[in-house]
Amino acid sequence: METKELISAAFQALENAHAPYSDYQVGAALLCDDGTVYSGCNVENASYGLTNCAERTAIFSAISNGRKKFKAIAIASSKAPTPFPCGACRQVLAEFCGPDFEVHIAENDGYKTVTLGELLPHAFDFGETDA
Ligand code: THU
247 METKELISAA FQALENAHAP YSDYQVGAAL LCDDGTVYSG CNVENASYGL
297 TNCAERTAIF SAISNGRKKF KAIAIASSKA PTPFPCGACR QVLAEFCGPD
347 FEVHIAENDG YKTVTLGELL PHAFDFGETD A
């Protein structure tokens, strides 16, 4: 799958966002090693701290459906600022993805690509697991 298609899937996912408090809709599309794509959106709550980011929604969906190996993720937002994943999402990505894992982030009419290693150097890790 081309990166542009993954970005499109992320934009499609943000249409389902529940973001009445921030009015900042976010979508994420996670590409698995078998070519399947799991998407997610941010789900906010009146108790703000219970909010789930789009990235974690996508990862938890993929894991829940038996996927464990991932190639890349695309993230898109309804408006500025550029949706760089938050620290919590970076750590959750690091549970399943290595430092070379590509993170494509929509910006203006295009996207920028960074690696997970750039976003989260020295990630906490217990070492070899089944993940
Ligand atoms: N948010 C995400 O879903 N992903 C990001 O990469 C950045 C932030 C959400 C959380 C919250 O619903 C809203 O954006 C504002 O922080």
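Residue numbers (my numbering): 247 to 377.
Every residue gets a Cβ at the ideal spot worked out from N, C-alpha and C, and that includes glycine.
- Which value, in whole angstroms, describes the spacing of the CA atoms of Ile305 and Ala274? Reading the sequence shown from its first residue, position 59 is the one you call residue 305. Reading the sequence shown from its first residue, position 28 is the one you call residue 274. If I take the Cα positions, the gap works out to 9 Å.
- Item | Whole-angstrom distance between Ser293 and Thr359, CA atom to CA atom | Translated into positions along the sequence shown, residue 359 becomes position 113. Translated into positions along the sequence shown, residue 293 becomes position 47. C-alpha separation (whole angstroms): 33 Å.
- Item | For Lys250, three-class secondary structure by DSSP | Position 4 of the sequence shown, counting from 1, holds the residue named residue 250. Helix, per DSSP.
- Query: Under the three-state reduction of DSSP, which class applies to Ala322: helix, strand or coil?
  - Reply: Locating residue 322 in the sequence shown gives position 76, counting from the first residue. Reduced to three states, the DSSP call for Ala322 is strand.
- Task: Flag Ser268 as yes when its Cβ comes closer than 8 Å to any non-hydrogen atom of the ligand THU, and as no otherwise.
- Result: Counted from its first residue, the sequence shown places residue 268 at position 22. Ser268 Cβ: within cutoff of the ligand THU.
- Hey, Asn298 and Asn288: beta-carbon distance below 9 Å or not? Against the sequence shown, residue 298 aligns to sequence position 52. Against the sequence shown, residue 288 aligns to sequence position 42. Closer than 9 Å, so yes.
- Query: What's the call for Tyr267, buried or exposed, on a 16-neighbour Cβ count within 10 Å?
  - Reply: If you number the sequence shown from 1, residue 267 lands on position 21. Answer is exposed; the Cβ neighbour count stays below 16.
- Message: Would Ala320 and Tyr357 be called neighbours here (beta carbons separated by less than 9 Å)?
- Response: Counting from one through the sequence shown, the residue named residue 320 turns up at place 74. Counting from one through the sequence shown, the residue named residue 357 turns up at place 111. It is a contact, given that the beta carbons lie within the stated cut-off.
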